[in-house]
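Q:
Numbering (our numbering), first residue to last: 41 to 667.
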């Protein structure tokens, strides 16, 4: 008996300790109660928490109709800024709890099709709570007797594609944005259908170790729910949720026949048959050549700076697959295989100099937070040293004179555009463990801080996130992706000396992302998902007059998607990240000549010049608006 009592006490003490260890210990949380929620937030998040609380109450009233029942009377919501990754989670046990990250996704991400990240992510996660916190029939009796034990929540035992598919459908149905309206996300299933490689129900049920990996339950689950809504009506989702909440765990598939008149297997076959006809149009030929066959995740290709006029540039890029450590790779354009030059954990872009490659990567700090900093790889030796510490810097690009990095810096509720003045490290500071694998050297990231850079805020705007900045060849202008609350991602030009921002490409219904410069500096190449289609590349004239309609020249016509472009130093070719049924890979194509450009896409004159306000002034103005 003494042992049992001791074990019980240990469990009681361990539970709160485990919960506390989920969050960065430097944060001190406060509570913001509303009628149906308690929002927990830490220092620097008061303004965001107030907006999230208002969104939560609006969503509570909205979600009663689609799921056929009143949402739970109380849900705990934790808003935390301890990661550079946009995400959310929800679980009904032991209490209905939602976790939301404060950082927005980049516009180029699958979840980046949003004008309001907090609304989108909260709608998705609260759909989970309303769906999963449901006990009917026998389950209601068990819950009344034994309380909130998992077996009393039958919808917890549904397959992941059904749980995530419903939430992903509702995130778009209720907000008008999200993944149902994102052409890049739709390409996951669309390109599989085009290649006749659709996943059967049992593989989506059981999880995949190949592409699309964990995204399968979202992509196929969303597609299946959208098909059911179109053919049978979205109102049946309420009846389905009620019926599954009455079933013994793992037997819920049988209710589809009662709700829809057809078995789950028959409905799935109908859904996949509808996809075969929807993707029958063949893609146009862009004369693109596939350079790699990694699949999964490939990001941020950049041409190197040639060592001489006749030297051919290489391509540096990042790759993440389940078949090896995530890495930065070098690809020579002579047909040889790519080679890893160093490990890299998360991060997307690289800043390439003649002697060093700067990159961002994320590390676990204080056992909970995942934060990003800048690192430098010595090209001659393969040694890596840290450039910054606890700076939360991402997306670096190096100025033409190699003296200044432009990057973005995370703070709660925004991501600023910053300049980092770099100083070469001393040789004695390059203390790094290295291992040799064949001809390539892979450097450890357990390094000391060798640089002492100054970080200067260039542009800071409230409720605004910058991403993927690129220096112009003249070294005076920066092209960047800007994502403001209430707007889709757009491309802006920043005059560094004047600190003036001018919108170059914007569309209220499309994302403009991942800009790159033509070598002559007269045009920007960027990706856009016009008309809810996949991302494709467009050329935009830099000198479009302020307030005039700009015309974007299409450069690619892919059905899977093309983004993260970079133009070769001679301007003759483009390398980009393209989508295939295996995931993402590198492609190369000749730069289309203007003589054969064909039609251009015209965009209304919604562009203009804006004078950037200093950081302190921006914060004061925003605080006055909130009051």
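All C-beta atoms, glycine included, are put in the ideal place defined by N, C-alpha and C. These figures come from a predicted structure and were not determined experimentally.
By DSSP, does residue 231 sit in helix, in strand, or in coil?
A: helix
Q: Would you grab the beta carbon distance between residue 84 and residue 353 for me? Rounded to a whole angstrom, and I think it's under 8 Å.
A: Between residue 84 and residue 353, the beta carbon gap of about 42 Å keeps them out of contact (Cβ cut-off 8 Å).
Q: Give the single residue among 563, 589 and 584 whose Cα lies nearest to the Cα of residue 578.
A: 563
Q: Under a Cβ-count criterion, where at least 16 other Cβ atoms within 10 Å of its own Cβ denotes burial, should residue 351 be classed as buried or exposed?
A: exposed
Q: Closer than 6 Å by C-beta to residue 606: which residues in its own chain qualify, once you throw out the five before and the five after it? Chain order, please.
A: 341, 342, 343, 556 and 615
Q: Contact between the segment 564-584 and the segment 223-238: three or more CB pairs below 8 Å?
A: yes
Q: What number of angstroms, rounded off, separates the C-alpha of residue 595 from the C-alpha of residue 130?
A: 41 Å
Q: For residue 428, count neighbouring Cβ atoms within 10 angstroms of its own Cβ and tell me buried if that reaches 16, exposed if not.
A: Label assigned to residue 428: buried.
Q: Fully enclosed by the segment 258-344, which alpha helix (DSSP H) runs are 4 residues long or longer?
A: 276-284, 295-300 and 304-318
Q: Counting only the same chain and skipping the five closest in sequence on each side, list residues whose C-beta sits under 6 Å from that of residue 584.
A: 590
Q: Short of 6 Å in beta carbon distance, which residues of its chain neighbour residue 163, apart from the five on each side in sequence? Order them along the chain.
A: 99, 211, 214 and 215
Q: Apply the 10 Å Cβ neighbour rule to residue 186 and answer buried if 16 or more other Cβ atoms are within range, or exposed otherwise.
A: exposed
Q: Below 8 Å, can you find three or more Cβ-Cβ pairs linking the segment 269-288 to the segment 193-201?
A: yes
Q: On the CB-based measure, 16 or more other CB atoms within 10 Å of its CB, does residue 202 come out buried or exposed?
A: By the neighbour-count definition (other C-beta atoms within 10 Å, threshold 16), residue 202 is a buried residue.
Q: Please list the terminal residues of the continuous alpha helix (DSSP H) segment that includes residue 242.
A: 241-246
Q: Measuring CA to CA, which of 541, 523, 146 and 92 is closest to residue 139?
A: 92
Q: Could you pull the start and end residues of the alpha helix (DSSP H) that residue 209 belongs to?
A: 200-215
Q: Mind checking which residues open and close the beta strand (DSSP E) that includes residue 98?
A: Element bounds for residue 98: not the beta strand (DSSP E) but the alpha helix (DSSP H), 86-102.
Q: Let me make sure I understand the geometry here. Which of 194, 172, 170 and 128 has the alpha-carbon closest to that of residue 178?
A: Of the candidates 194, 172, 170 and 128, the one whose C-alpha sits nearest the C-alpha of residue 178 is 194.
Q: Decide yes or no for the touch test of the segment 415-424 against the segment 444-461: beta carbon pairs closer than 8 Å, at least 3 of them.
A: no
Q: Alpha carbon to alpha carbon, how far is residue 394 from residue 441? Give it in angstroms, no decimals.
A: 10 Å
Q: Cα separation between residue 545 and residue 597?
A: Those two C-alpha atoms are separated by around 19 Å.
Q: Output yes or no for whether 7 Å exceeds the beta carbon distance between residue 457 and residue 506.
A: Yes, the pair counts as a contact, with Cβ atoms nearer than the cut-off.
Q: Could you pull the start and end residues of the alpha helix (DSSP H) that residue 365 belongs to?
A: Where residue 365 is concerned, there is no enclosing alpha helix (DSSP H), given that its DSSP letter is neither H nor E.
Q: Buried or exposed: residue 364, going by 16 or more other Cβ atoms within 10 Å of its Cβ?
A: exposed
Q: Between residue 502 and residue 513, what straight-line distance do the alpha-carbon atoms span, to the nearest angstrom?
A: 29 Å
Q: Alpha carbons only, please: which of 618, 408, 623 and 356 is nearest the one belonging to residue 396?
A: In terms of Cα proximity to residue 396, the closest of 618, 408, 623 and 356 is 356.
Q: Go to residue 66, then tell me how far its beta strand (DSSP E) extends in each direction, as first and last residue.
A: Residue 66 -> no beta strand (DSSP E), and no H or E assigned at all.
Q: If you follow the alpha helix (DSSP H) that residue 171 is in, where does it begin and where does it stop?
A: 157-172
Q: Could you check where the beta strand (DSSP E) with residue 618 kicks off and where it finishes?
A: Taken as a continuous stretch (DSSP letters only), the beta strand (DSSP E) holding residue 618 covers 613-620.
Q: For residue 492 and residue 462, I'd like the C-alpha separation in whole angstroms.
A: 8 Å
Q: Could you spell out where the beta strand (DSSP E) holding residue 534 opens and where it closes?
A: 530-535
Q: By Cβ distance below 7 Å, which residues in the same chain neighbour residue 89 in space, the five residues on each side in sequence not counted?
A: 72, 79, 81 and 119
Q: Report yes if the CB atom of residue 231 is closer than 7 Å to the CB atom of residue 621, and no otherwise.
A: yes
Q: Report the rounded CA-to-CA distance for residue 77 versus residue 613, giving the unit in angstroms.
A: 54 Å
Q: In the DSSP assignment, find the unbroken alpha helix (DSSP H) run with residue 627 in it and report its ends.
A: Where residue 627 is concerned, there is no enclosing alpha helix (DSSP H), although the beta strand (DSSP E) it sits in stretches over 623-630.
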